[in-house]
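Residue 1 is where the sequence shown starts when you use UniProt numbering, and the numbers rise one by one after that.
Have a look at the structure below, then the notes.
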Amino acid sequence: MSLPLPNDILLLVGEYVEDHRDRYNLLFVCRHFHDLFLRLVYQTAALKDCPQTQSFLGALLRRPELARAVRTLDFHKWRSPSSPVSTSAEGLVPFTQWARSLSLTDEEHAKWGQDLLSGVGEAWIALLLPIASNLRHLQLVYPKQNQYLDRMMQRAVKGEKPFNSLPAFRALRDVSLSHLADEEDSRGTYQPSQVLPFFQLPAMRTFSADSVVESSSPQDESEPNQPVETPAAGTSPISEITLNASNGSQGMQTMIASCTSLKSFRYQHSDSHLLSEGFQPSAFYRSLAGSKESLQTLWLDSYGTHLPFTIAGANETHDEWLGPLTAFTALKDLRIRLPNLLDVRYQAEPSCPLTDVLPSSVESLYVEGCKENSLGMLVGQLRTVLNRRKTQFGALKRLDIEGFFHDEDDEDASGYQPAEATGVRVIKPRVYEAVEPLHQACAEAGIELYVRDRVCNAA
């Protein structure tokens, strides 16, 4: 007769069951499996609406050990607007009682209870988060106008009730923020003051957000009655920041400066927001100066939106040269627009050659926004870099050139059909011809080379 496997081995096997439905089915094998794997089932939850959140939170309130088991919460597929919660006032009692413990005033508690009954998604999400005391990973969505999530995060950082006695967010390591569409299918934006509380949590390592807009008037970022504490420089443990479709007029200085050892900064610029200001590379250069010895990945940017005019007027800085990166001694992965990489705004050749711009540590260089009339110059600069591969750029492994290389209406004389005739956009043959010397040099050096177009997405 074979002996049963010990619980530790069974739990280890259960950890390898990644599909949530399969984990759930384990509960129905036998009573022993139910008791053993119940906490495992509650480790990860993807919640899409108020009824699901109500059911999940109800289980946590009934069994606190399940709340301590939660490690990952994902709200990014939340359906909005949510329908009112179909439950009686009596059925809401456990939730309104929990809301009372999180509220500072009777008025706040009454409003919270009404919003729970009305199916306000943010009210339910904010009610769930504090109970998951061991939460590690969070994908969170904010409505365009919110009151619960901002308030909760500010109180958590300040240690105000209930967080003076209730541990919350102390184990949170990875946060991703996105926006809910409103009735007009438009999405909101984050102010730095809304995301800075995450930079003050002790276990945070990775932070990403969509549509962070940094105002040039910091005093207007928060309500005067709700001051936000700014983290002191070099106090945040966050090492990776990703900002998508964002607008940083001051180079996201407060966020970047707060990090003790920033290793990765990915920033996608967007001029499409109401309060957008033009891309200012020099502001990011100043902000990142304190991370020269630690920064390994720098993206400025990744198919961002750079317009010649914004609501504020002419966009005069988006083609500004970032400056030399030779002092960034740990930098391995660089993705940057050509006008920001090389100073070619007013001349055909850069005032500072690429060999004096790139750090010797660079392994991957992705150049965006190259126009065809600048391609020859860029190829020449890259070939010079390859010529110094043995003495200066020995770590280089990959080059990407992205630009505006697809065929246009006036290409009939080139010997191939334009896009409108074939129905497919392709990179012009003469672009490949211009890059051929670089292709040969890369092949000889064992370096990968890719030529890309943003429209036809060919490589």
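C-beta atoms are modelled at their ideal positions from N, C-alpha and C, and glycine is treated no differently.
Note that the structure is a prediction, hence the values are computed from the model and not measured.
Contact check for I336 against L300 passes: the beta carbons are separated by less than 7 Å.
For H273, the closest of F75, P281, A245 and C259 by C-alpha to C-alpha distance is A245. Between H318 and F279, the C-beta spacing is below 7 Å. Nearest in C-alpha terms to L375, of all of G403, I447 and A203, is G403. Under the Cβ criterion (8 Å, minimum of three pairs), the stretch 47-58 does not count as touching the stretch 141-153. Within the stretch 114-201, the complete alpha helix (DSSP H) segments at least 4 residues long are 121-128, 148-158 and 192-195, listed from N- to C-terminus. Distances from the alpha-carbon of A395 to those of A59, V451, D271 and T329 put T329 closest. Counting of Cβ neighbours within 10 angstroms places S165 among the exposed residues, the total staying below 16. For S236, the secondary structure class from DSSP, reduced to helix, strand or coil, is strand. DSSP places I256 outside any beta strand (DSSP E); the residue lies instead in the alpha helix (DSSP H), whose first and last residues are Q253 to S258. Among the bridge pairs identified by DSSP, N247 is matched with V213. By the Cβ test, the stretch 147-166 is not in contact with the stretch 87-98, since fewer than three Cβ pairs between them sit closer than 8 Å.
Ranked by how close their Cα comes to the Cα of V424, the residues E122, V455 and D115 have V455 in first place. Rounded to whole angstroms, F163 and G248 show a C-alpha spacing of 32 Å. Contact between S178 and M204 does not hold, since the beta-carbon distance rounds to 18 Å and is not under 8 Å. A direct Cα-to-Cα measurement between A327 and P359 gives close to 7 Å.
DSSP lists V175 and I241 as the beta-bridge partner residues of F207. For K397, same chain residues with a beta-carbon under 7 Å away, outside a window of 5 residues either side, are E363, S364, I447 and E448 in chain order.
Distance between S270 and D106, taken at the CA atoms: about 42 Å. Within the same chain, and ignoring the five residues on either side of S103 in sequence, the residues whose Cβ sits closer than 7 Å to its Cβ are H109 and W112. For the pair P353 and R345, the Cα-to-Cα distance works out to about 14 Å. Ranking L275, L342, M255 and D407 by CA distance to the CA of L325 puts L342 first.
Here the alpha carbons of L288 and K161 stand approximately 36 Å from one another. Between T297 and D333, the C-beta gap is smaller than 7 Å, which places the two residues in contact.
A168 is a Cβ neighbour of A156, given a cutoff of 7 Å. If you look at V435, you'll find it isn't in any beta strand (DSSP E); it sits in the alpha helix (DSSP H) that goes P429 to A445.
When V213, T230 and V175 are compared, the shortest CA-CA separation from Q191 is found for V213. Exclusion of the five residues before and after L60 leaves Y42, L66, A67, V70, L128, I131 and A132 as the residues of its chain whose Cβ lies within less than 8 Å of its Cβ. The alpha-carbon separation between H406 and I256 amounts to approximately 37 Å. Under the 10 Å beta carbon count, Q347 is surrounded by fewer than 16 other beta carbons and is classified as exposed. With a cutoff of 7 Å on beta-carbon distance, N340 and P437 are scored as not near each other. Excluding the 5 residues flanking it on each side, C259 has same chain C-beta neighbours closer than 6 Å at S236 and I238, in chain order. Cβ contact annotation for V175 (same chain, cutoff 6 Å, sequence separation greater than five): L138, F198 and F207, in chain order. The C-beta separation of L399 from L382 comes to about 6 Å, placing the pair in contact by the 8 Å criterion.
In this structure, R173 lies near R136, with their beta-carbon atoms less than 7 Å apart.
Here the alpha carbon of D74 sits roughly 20 Å from the alpha carbon of L116.
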